[in-house]
Amino acid sequence: MGTANIEIIIASEKDTLLQKIGNKVIHNERISFEEGVYLFEKASLPYVGALANWKRESLHGDITYFNKNFHIEPTNVCVFSCKFCSYSKLYAHKEEGWELTIDQMMDIVKSYDGKPVTEVHIVGGVHPKLTLEFFISLLKAIKAHRPELHIKGFTPVELDYMFRKANLSTEEGMKRAHEAGLDSLPGGGAEIFHPDIRNIICADKATGDQWLHIHRTAHNLGMHSNATLLYGHIEKAEHRIDHMERLRQLQDETKGFNTFIPLKFRNKDNDMHDVPESTMANDLKMYAISRLYLDNFPHVKAYWPMLGREIAQLTLSYGVNDIDGTIDDTTKIYSMAGSEEQTPVMTTEELVRLIKQAHRKPVERGTLYNVIQDYSLVEID
Ligand code: V47
Ligand code: SF4
Numbered sequence: 001m002g003t004a005n006i007e008i009i010i011a012s013e014k015d016t017l018l019q020k021i022g023n024k025v026i027h028n029e030r031i032s033f034e035e036g037v038y039l040f041e042k043a044s045l046p047y048v049g050a051l052a053n054w055k056r057e058s059l060h061g062d063i064t065y066f067n068k069n070f071h072i073e074p075t076n077v078c079v080f081s082c083k084f085c086s087y088s089k090l091y092a093h094k095e096e097g098w099e100l101t102i103d104q105m106m107d108i109v110k111s112y113d114g115k116p117v118t119e120v121h122i123v124g125g126v127h128p129k130l131t132l133e134f135f136i137s138l139l140k141a142i143k144a145h146r147p148e149l150h151i152k153g154f155t156p157v158e159l160d161y162m163f164r165k166a167n168l169s170t171e172e173g174m175k176r177a178h179e180a181g182l183d184s185l186p187g188g189g190a191e192i193f194h195p196d197i198r199n200i201i202c203a204d205k206a207t208g209d210q211w212l213h214i215h216r217t218a219h220n221l222g223m224h225s226n227a228t229l230l231y232g233h234i235e236k237a238e239h240r241i242d243h244m245e246r247l248r249q250l251q252d253e254t255k256g257f258n259t260f261i262p263l264k265f266r267n268k269d270n271d272m273h274d275v276p277e278s279t280m281a282n283d284l285k286m287y288a289i290s291r292l293y294l295d296n297f298p299h300v301k302a303y304w305p306m307l308g309r310e311i312a313q314l315t316l317s318y319g320v321n322d323i324d325g326t327i328d329d330t331t332k333i334y335s336m337a338g339s340e341e342q343t344p345v346m347t348t349e350e351l352v353r354l355i356k357q358a359h360r361k362p363v364e365r366g367t368l369y370n371v372i373q374d375y376s377l378v379e380i381d
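My numbering puts the first residue of the sequence shown at 1, with every later residue one more than the last.
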């Protein structure tokens, strides 16, 4: 969308504060905490959508990145008891839990031999028996087998637990993990930083400050990372903005974040099953406002296995420039929580078609957004 069109949309907005915010966006001025909350409370979806789409196109044009990756979940047992998570119940019923050995995880890695994946995403529950040493052996084994495979792994919740058990400082623990082959951190474990909400939905795990400290430490070692926000449950607009504000401040300091990923709360098979899920309109608003508020984050990603393909496709017009996958084995954490994706496999062809149908340009990237292949000219039926 050209600047002239967005100027017309802003000028025809009747609310003068929303007009002011719109003008800030198109002049690349930062919007304040209060303005962020105001957008959630007062702006219409078409208005925030138009602004976010303008921002997305001014940063990336039509490019929509995707990545060929696969997941490893070392265990589904977790010592923590996050109310939104289906894993937390398993600690009390360990007989239903599983934990993979290094050989079993290496069998997963080897099953991708000869396939053009560029990243492995390792994330799971916090099993009481697993140690930093165990994961260091895994990281080394993966790098020995396939050195060019980018390893994105572990939430601060898992790392904090391992570092404490090993009696290591965050700095020392992270250095050892990095030296063993950990290339970057995924965005998980962030949920909602604000203690008023965190103390209700995930009281016993790493705090917001600890999450931010672990990412800061990784950034200071030259590693990149992502950040998530779990939305659409009991949090309010000010908690979402508080969360994004803290991320924006850390990003000003380190510039280590690549991507922001809003994660839609799903309510099946967990202790928050009585909390209704957010509507599609609210999903789109969340994506759009995050694109506007996080002005120093290069990328906003929609995680399609959780959102569903159709909403994920729509987000491409509401600020999103990245769509996760090609994934051929969706993490069980989502299928257990009630994701609508019954067939969580998307081939490259399906993903490329989905992006093209939204009139965007599909580009395969590596984890750090190096271009691997431009699919815009590849014929897909
Ligand atoms: O932190 C758990 C979430 C996260 C539910 O960095 C739930 O590229 C919704 O962070 N409803 C882990 N969400 C996954 C994650 C992630 C996923 C894809 C890509 C990247 C990346 C990171 O899953 C947890 C938690 O916020 N989660 N239960 C649920 N019921
Ligand atoms: Fe454990 Fe993570 Fe689930 Fe919390 S969200 S119970 S830390 S697996």
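Think of the CB as a built atom: it goes at the ideal place given N, C-alpha and C, for glycine as much as any other residue.
Quantities reported herein were computed from a predicted structural model and do not represent experimental measurements.
Every alpha helix (DSSP H) of 4 residues or more that sits fully in the stretch 203–281 is shown, in chain order, as 208–220 and 237–254. The Cβ atoms of Ser-290 and Phe-260 sit closer than 7 Å to each other. Counting only residues of its own chain and dropping the five nearest sequence neighbours on each side, Tyr-161 has a CB closer than 6 Å to the CB of Val-126.
According to the DSSP secondary-structure assignment, Val-300 is paired through a beta bridge with Phe-260.
Counting the other Cβ atoms within 10 Å of the Cβ of Val-48 gives 16 or more, which makes it buried.
When beta bridges are read from the DSSP output, Ser-184 appears opposite Lys-152 and His-224. Each residue's CA atom was taken as its position, placing Leu-250 and Trp-211 some 11 Å apart. Listed by position along the chain, the residues with Cβ atoms less than 5 Å from a non-hydrogen atom of ligand 1 are Phe-84, Cys-85, Pro-186, Gly-187, Gly-188, Gly-189, Asn-226, Thr-228, Leu-230, Leu-263, Phe-265, Arg-266, Tyr-303 and Ala-337.
Closest in alpha carbon position to Asn-321, among Ala-141, Ser-44, Tyr-369 and Glu-73, is Tyr-369.
Assigned with DSSP and collapsed to three states, Arg-176 falls in helix. For Leu-185, same chain residues with a beta-carbon under 6 Å away, outside a window of 5 residues either side, are Ala-218 and Ser-225 in chain order. Distances from the alpha-carbon of Asp-252 to those of Ala-190, Phe-297 and His-273 put Phe-297 closest. For Ile-21, the secondary structure class from DSSP, reduced to helix, strand or coil, is helix. Annotation for Glu-99: Thr-75 and His-127 place their beta carbon closer than 6 Å to its own, counting only its chain and skipping 5 residues before and after.
DSSP places His-60 in the uninterrupted alpha helix (DSSP H) bounded by 45–60. Assigned with DSSP and collapsed to three states, Asp-295 falls in coil, not helix or strand.
Check the Cα spacing between Thr-3 and each of Leu-45, Glu-73, Glu-57 and Asp-274: the tightest is with Glu-57. In the DSSP assignment, the residues bridged to Val-120 are Phe-70 and Ile-151. Thr-75 carries a strand assignment under DSSP once its states are collapsed to helix, strand and coil. As the crow flies, the alpha-carbon of Pro-195 is around 13 Å from that of Lys-236. The alpha carbon of His-178 has as its nearest neighbour, out of Ile-201, Ile-136 and Glu-148, the alpha carbon of Ile-136.
For Val-123, the Cβ stays outside the 6 Å cut-off from all heavy atoms of ligand 2. The three-state reading of DSSP puts Thr-64 in strand, counting E and B together.
Between Ile-31 and Lys-42, the C-beta spacing is not below 7 Å. Secondary structure note for Lys-14: it is in no beta strand (DSSP E), with a DSSP letter that is neither H nor E.
Buried is the label assigned to Asn-53, since at least 16 other Cβ atoms lie within 10 Å of its Cβ.
The stretch 196–204 makes no contact with the stretch 131–148, as fewer than three CB pairs between them are under 8 Å. C-alpha of Lys-175 to C-alpha of Thr-101: approximately 24 Å in a straight line.
Secondary structure note for Pro-362: its beta strand (DSSP E) is the uninterrupted segment 361–365.
Looking at the backbone, the Cα of Ile-9 and that of Leu-51 are separated by about 9 Å.
Here Pro-305 is buried. Its C-beta has 16 or more other C-beta atoms within 10 Å.
Taking 7 Å as the cut-off, the beta carbon of His-215 is found no closer than this to the beta carbon of Asn-258.
In this structure, the alpha-carbon of Asp-374 lies about 12 Å from that of Ile-355. Straight across, the Cα-Cα distance linking Ser-376 with Val-363 is about 7 Å.
Under the three-state reduction of DSSP, Asp-113 is assigned to coil, being neither helix nor strand. Between the alpha carbons of Gly-173 and Phe-163 lies a distance of about 6 Å.
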